[in-house]
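Chains A and B, in that order, give the protein sequences. Just so you know, we're using numbering that gives the first Met the number 0 here: the first sequence kicks off at 0 and counts up by one. Just so you know, we're using numbering that gives the first Met the number 0 here: the second sequence kicks off at 0 and counts up by one.
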Amino acid sequence: MSEVIDASHDHHDHHGPAAGLARWLFTTNHKDIGTLYLWFAFLMLLIGGTMALIIRAELFQPGLQFVAPEFFNQMTTNHGLIMVFGAIMPAFVGLANWLVPMMVGAPDMALPRMNNLSFWILPFAFGMLISTLFMEAGGPNFGWTFYAPLSTTYAPETVTFFIFGVHMMGASSIMGSINIIATILNMRAPGMTLMKMPLFVWTWLITAYLLLAVMPVLAGAVTMMLFDIHFGTSFFNAAGGGDPVMFQHIFWFFGHPEVYIMILPAFGIVSAIIPTFARKPLFGYDSMVYATASIAFLSFIVWAHHMFTVGMPLAGQLFFMYSTMLIAIPTGVKVFNWVATMWQGSMTFETPMLFAIAFVVLFTIGGFSGLMLAITPVDYQYHDTYFVVAHFHYVLVPGALFSIIAAVYYWLPKWCGRMYDEKLGKLHFWLSFIGVNVTFFPQHFSGLAGMPRRIPDYALQFADFNMISSCGAFIFGFSQLLLMYIVIKAIRSGQPATDRVWEGAHGLEWTLPSPAPYHSFTEPPKITDADAHS
Amino acid sequence: MLEIRLETRTGSIECGGVRRFGFRRVALLLHVVSAVDGAKGINRIYLMQGAWKVKVKNNWLKPVAAMAAALSVTGLGADELNMRQGVTDISRSVYDLHMLIFWICVVIGVVVFGLIFWSVIHHRKSAGAVPAQFHESTKLEIAWTLVPTLILIAMAWPATKVLVSMYDTGGEDMTVEVRGYQWKWQYKYLDDDFNRTFGFFSTMATPQNEIQNQAAKGEHYLLEVDKPLRIPTNRKVRFLITSEDVIHAWWVPDFGIKRDAIPGMVNELWTIVEEPGVYRGQCTELCGKDHGFMPIVVEAMPEAEYDAWYVEQLEAEEIRKEALSKVFTPEELMAEGEAVYGTFCASCHMPNGKGVPPVFPALDGSAIAIGPLEDHLDIIVNGKQGTAMQAFGRQLDAAQIAAVTHYERHAWSNNVGDETQPRDVIEYMAGQE
Chain A
0 MSEVIDASHD HHDHHGPAAG LARWLFTTNH KDIGTLYLWF AFLMLLIGGT
50 MALIIRAELF QPGLQFVAPE FFNQMTTNHG LIMVFGAIMP AFVGLANWLV
100 PMMVGAPDMA LPRMNNLSFW ILPFAFGMLI STLFMEAGGP NFGWTFYAPL
150 STTYAPETVT FFIFGVHMMG ASSIMGSINI IATILNMRAP GMTLMKMPLF
200 VWTWLITAYL LLAVMPVLAG AVTMMLFDIH FGTSFFNAAG GGDPVMFQHI
250 FWFFGHPEVY IMILPAFGIV SAIIPTFARK PLFGYDSMVY ATASIAFLSF
300 IVWAHHMFTV GMPLAGQLFF MYSTMLIAIP TGVKVFNWVA TMWQGSMTFE
350 TPMLFAIAFV VLFTIGGFSG LMLAITPVDY QYHDTYFVVA HFHYVLVPGA
400 LFSIIAAVYY WLPKWCGRMY DEKLGKLHFW LSFIGVNVTF FPQHFSGLAG
450 MPRRIPDYAL QFADFNMISS CGAFIFGFSQ LLLMYIVIKA IRSGQPATDR
500 VWEGAHGLEW TLPSPAPYHS FTEPPKITDA DAHS
Chain B
0 MLEIRLETRT GSIECGGVRR FGFRRVALLL HVVSAVDGAK GINRIYLMQG
50 AWKVKVKNNW LKPVAAMAAA LSVTGLGADE LNMRQGVTDI SRSVYDLHML
100 IFWICVVIGV VVFGLIFWSV IHHRKSAGAV PAQFHESTKL EIAWTLVPTL
150 ILIAMAWPAT KVLVSMYDTG GEDMTVEVRG YQWKWQYKYL DDDFNRTFGF
200 FSTMATPQNE IQNQAAKGEH YLLEVDKPLR IPTNRKVRFL ITSEDVIHAW
250 WVPDFGIKRD AIPGMVNELW TIVEEPGVYR GQCTELCGKD HGFMPIVVEA
300 MPEAEYDAWY VEQLEAEEIR KEALSKVFTP EELMAEGEAV YGTFCASCHM
350 PNGKGVPPVF PALDGSAIAI GPLEDHLDII VNGKQGTAMQ AFGRQLDAAQ
400 IAAVTHYERH AWSNNVGDET QPRDVIEYMA GQE
């Protein structure tokens with residue numbers, strides 16, 4: 000993804016990238032930083048994925064085979080933290096870095112030095128988090144949701160490193176989102192009005208505001224933990240007058256918008272890819288923007304649906320049930336719009352389109368289980384079982400992750416000026432598609448049959464579906480190495496790409512040469528209707 | 000349970016019953032298929048599950064039938080595939096609601112995915128499709144906002160009714176306090192008359208060698224306890240749910256109830272079970288190392304049987320109280336101590352006393368276990384702040400503490416040579432106040 004044009008090919012009279020390692024350490028270029036983010040996210044995907052495979056290996060059969068329960072808990076916790084904060088979020092920020100300036104007709108991001116800083120915090124944050132696994136007391140083992148008091152009074156001593164790590168990730172995310180907001184609001188080319196922006200830009204603008212709103216809440220939660228652990232306060236300790244449930248309210252006030260932070264940019268990506276390969280404009284652009292904004296608003300008033308079993312009063316349960324059900328409406332609008340975009344189009348099925356269609360179908364399945372989980376009295380039976388695991392993996396893996404993979408295939412030719420191998424891309428898609436469903440669909444069944452999540456061993460009636468699920472996980476995990484091979488092969492020896500790359504592509508980024516010049520638009524482009532909202 | 004019988008000219012071969020369970024089932028399938036394929040002499044195959052029976056005569060169909068039937072029978076057992084209907088009014092209405100919403104989702108899914116697949120097949124460039132250029136329709140947008148809203152209202156109405164009925168606490172016939180500990184449950188039968196109150200701990204009974212794959216796993220692997228919670232049928236039982244340490248969750252799927260056990264708070268649940276039987280569940284909130292090993296077993300008994308059992312428990316409680324003033328022999332202390340250790344200490348400090356350093360220290364040869372009795376009692380009675388070591392003075396009585404202390408001082412390579420009696424513990428605890 001990194002093969003940006005070098006100086007000798009640069010027809011504009013501008014500086015190219017610096018040579019060697021300094022280019023990456025000190026870069027303020029949005030493309031370089033985007034590349035760093037994407038490779039970092041891929042590395043984290045492999046590390047978090049390895050942890051997932053350790054989990055699935057242990058769960059292949061009943062009984063303890065490979066790891067002890069203490070280590071198993073460290074694996075589930077770190078898998079979650081690394082995938083959420085290390086893989087999905089940085090990958091989206093990387094895509095925003097690469098694409099937002101090109102899509103709005105800007106030369107670079109608005110705050111390039113802060114951009115460098117917000118990336119380079121991440122390797123240190125995750126280096127510290129992962130290093131705890133090698134310490135004597137072991138890494139965090141209280142789940143990625145780190146409920147107090149398991150994460151305070153009863154936590155391993157390394158929890159302080161975890162808290163510091165979360166603070167650093169939060170700082171990185173806040174800087175990243177300030178940068179994206181500043182770029183979108185200030186750097187658009189003349190004529191690029193808000194309602195002409197591509198949906199990817201719109202969804203990221205809204206996502207950036209969500210990040211700004213909730214990352215400080217997360218920082219507050221971990222700071223209170225820090226005080227409870229080291230400075231004798233009792234925020235989350237009932238014996239000292241605090242409240243363990245308050246932790247969950249604060250965590251999920253961050254956590255639910257966080258869920259949408261991981262899916263709204265995906266909506267933007269799919270809204271770019273489907274019109275291109277259907278050769279037909281996106282259906283209902285305005286309603287897509289409004290639906291995104293509604294989902295963002297609703298994300299702030301539904302948090303306690305993660306906590307239906309903590310013992311809230313009836314009125315609270317009803318409020319959170321109704322508000323959660325409402326999310327189905329704007330989400331439905333989006334799905335219907337994508338279907339209407341495909342309808343009577345002239346579709347071809349290159350790899351990005353395959354991933355995008357799979358996204359629509361499988362994300363919708365995740366939406367259905369989400370709707371079922373919203374129904375409070377039934378949620379008591381689903382809560383903290385594998386049904387929930389199946390639900391959120393359906394929205395995060397064939398949801399968020401598929402959209403990121405689709406984006407990489409879709410824009411890679413623009414980034415490096417070369418095409419990927421279409422046959423291998425399709426093979427990668429089918430392996431991923433089969434793998435993801437074989438892994439996660441059976442988890443609906445084990446959850447309904449009563450298997451709790453986060454257990455290293457299980458009763459015999461859950462054996463079959465766990466075995467199937469583990470087989471799928473290994474197929475899915477190893478197919479992602481194919482993605483790495485395809486991307487590297489494209490960068491090194493792919494066929495040269497045209498400027499427009501895809502027959503049906505619209506949007507400013509396709510008016511630039513392939514590969515895109517080091518500085519995107521040095522002169523503001525003219526906005527034509529054809530280029531507006533891809 | 001699936002049974003397969005192959006009848007041959009010389010007699011019949013029983014392939015035995017098989018629990019639905021991973022490798023064993025695959026092995027059985029292979030066994031059946033190869034037997035059918037190899038032995039031309041087989042006249043009939045019977046596949047049986049309960050009253051259900053299939054006879055396969057046609058030779059070339061036999062392997063196919065055996066495979067398909069065995070897969071469908073074993074693969075689609077209701078207890079592996081869907082939510083249980085359960086045994087209470089609440090659990091049945093929850094099941095109905097679950098199925099209602101499931102089918103609504105299926106219908107919407109069929110329509111939406113159907114449109115996508117239709118489009119994928121018919122509106123493809125290779126099929127000569129020419130793209131239309133429409134990209135807006137206010138009418139459609141209004142329709143697919145309003146229709147889902149109506150569907151949601153249709154879901155919310157019955158859901159609200161069920162939820163309201165679940166919150167109908169009060170009017171209970173009896174109350175049980177459920178208290179979560181790392182990693183066991185304590186049940187206390189509450190009564191206005193203190194002399195009619197008693198309680199006990201309920202700990203997983205699955206032996207370590209089954210978990211470590213050194214012995215065959217039993218039918219209720221991980222879902223069995225030493226002492227189940229017993230409740231009467233047809234009476235409204237109220238549960239008060241709380242925790243001693245971290246957050247746990249108490250769940251019995253067949254009753255359709257689940258609630259978090261939160262330290263410092265008391266949550267309320269209730270149930271009326273109509274059918275006598277044994278109902279099994281698990282802790283469903285991550286609570287540390289042995290979260291997967293703290294099952295819940297509830298035995299619902301006919302009312303008369305339950306009342307008789309309750310009286311027995313009250314009598315046993317009297318005997319237990321008498322033990323506090325007794326003097327035991329070292330052998331008695333070791334025997335009782337080993338039992339207490341197995342229930343309360345072994346999950347962290349391990350049955351061999353070696354612990355799981357550095358998180359759970361070893362007791363074998365530890366400075367405390369072979370040091371002064373005062374210090375040893377202090378850590379057992381008061382626990383250790385900031386660690387998983389609990390204050391067992393709140394969980395065990397003086398006789399149990401004396402026995403387990405004596406045991407720890409004389410088990411493995413430890414051999415202090417003293418005796419710890421209940422009165423030593425009582426004196427120690429009195430001295431603290």
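Each residue gets a CB set at the ideal place from its N, CA and C atoms; glycine is no exception. It should be emphasised that the depicted structure is a prediction, and the values quoted were computed from it without experimental measurement.
Could you compute how far the alpha carbon of residue i sits from the alpha carbon of residue j?
i, j, result
"Pro451 (chain A)", "Ala131 (chain B)", "49 Å"
"Ala125 (chain A)", "Asn336 (chain A)", "Residue 125 (chain A) is actually Phe in this sequence, not Ala. Spanning the two alpha carbons is a distance of roughly 38 Å."
"Gly255 (chain B)", "Met371 (chain A)", "16 Å"
"Ser1 (chain A)", "Trp143 (chain A)", "With a pLDDT of 47 at Ser1 (chain A), under the threshold of 50, the modelled position of that residue is not reliable, and the figure given next carries that caveat. Taking the straight line joining both Cα atoms gives about 32 Å."
"Gln181 (chain B)", "Ala154 (chain A)", "13 Å"
"Leu458 (chain B)", "Gly310 (chain A)", "Summary: the structure shown does not reach residue 458 (chain B), with chain B confined to residues 0 through 432, and so no result is reported for it."
"Leu482 (chain A)", "Val394 (chain A)", "20 Å"
"Ser412 (chain B)", "Phe343 (chain B)", "20 Å"
Could you tell me which chain B residues have their CB closer than 9 Å to the CB of residue i, listed as they occur along the chain?
i, result
"Gly314 (chain A)", "The displayed chain sequence assigns Ala, not Gly, to residue 314 (chain A). Those within 9 Å of Ala314 (chain A) in chain B number zero; the least Cβ separation is about 10 Å."
"Met341 (chain A)", "Leu114, Ile115, Ser118, Val119, His122"
"Leu281 (chain A)", "His134"
For a cutoff of 8 Å on Cβ pairs, would you count residue i as touching chain A?
i, result
"Phe391 (chain B)", "no"
"Phe112 (chain B)", "yes"
"Ser201 (chain B)", "no"
"Tyr220 (chain B)", "yes"
"Gln211 (chain B)", "yes"
"Arg319 (chain B)", "no"
"Asp225 (chain B)", "no"
"Pro360 (chain B)", "no"
Counting C-beta neighbours from all protein chains within 10 Å, is the total for residue i 16 or more, i.e. buried, or is it exposed?
i, result
"His229 (chain A)", "exposed"
"Thr541 (chain A)", "Shown here, chain A extends from 0 to 533; a query on residue 541 (chain A) therefore has no answer."
"His121 (chain B)", "exposed"
"Phe39 (chain A)", "buried"
"Gly169 (chain A)", "buried"
"Asn185 (chain A)", "exposed"
"Met324 (chain A)", "buried"
"Met134 (chain A)", "exposed"
"Tyr484 (chain A)", "exposed"
Check whether the Cβ of residue i lies closer than 8 Å to any Cβ atom in chain B.
i, result
"Ala237 (chain A)", "yes"
"Arg55 (chain A)", "no"
"Asp107 (chain A)", "no"
"Ser345 (chain A)", "yes"
"Arg278 (chain A)", "yes"
"Asp420 (chain A)", "no"
"Thr384 (chain A)", "yes"
"Ala499 (chain A)", "Looking at the sequence shown, residue 499 (chain A) is not Ala but Arg. Taking Cβ atoms only, chain B never reaches closer than 8 Å to Arg499 (chain A), which makes this a no."
So that I know if they touch, is there some Cβ in chain D lying closer than 8 Å to that of residue i?
i, result
"Gln281 (chain B)", "No chain D is present in this structure, whose protein chains are A and B."
Residue i touches chain B at which residues, Cβ-Cβ below 7 Å?
i, result
"Val388 (chain A)", "Residues of chain B passing the Cβ test: none, with the nearest at roughly 12 Å."
"Ala327 (chain A)", "Pro147, Leu151"
"Ala458 (chain A)", "Tyr220, Leu221, Leu222"
"Ser286 (chain A)", "Glu140"
Which one or two residues does DSSP pair with residue i in a beta bridge?
i, result
"Pro294 (chain B)", "B:Gln281"
"Asp242 (chain A)", "Per DSSP, none; premise fails for Asp242 (chain A)."
"Val500 (chain A)", "In DSSP, Val500 (chain A) forms no bridge with anything."
"Asn194 (chain B)", "None; Asn194 (chain B) has no bridge partner."
"Asn266 (chain B)", "B:Ile240"
"Val224 (chain B)", "B:Met203"
Quick one: which chain A residues come within Cβ less than 8 Å of residue i?
i, result
"Lys138 (chain B)", "Per Cβ cutoff of 8 Å: no residues; Lys138 (chain B) is ~12 Å from chain A at best."
"Arg123 (chain B)", "Ser345, Met346, Thr347, Phe348"
Under 7 Å Cβ-Cβ, which residues of chain A neighbour residue i?
i, result
"Lys383 (chain B)", "Those within 7 Å of Lys383 (chain B) in chain A number zero; the least Cβ separation is about 11 Å."
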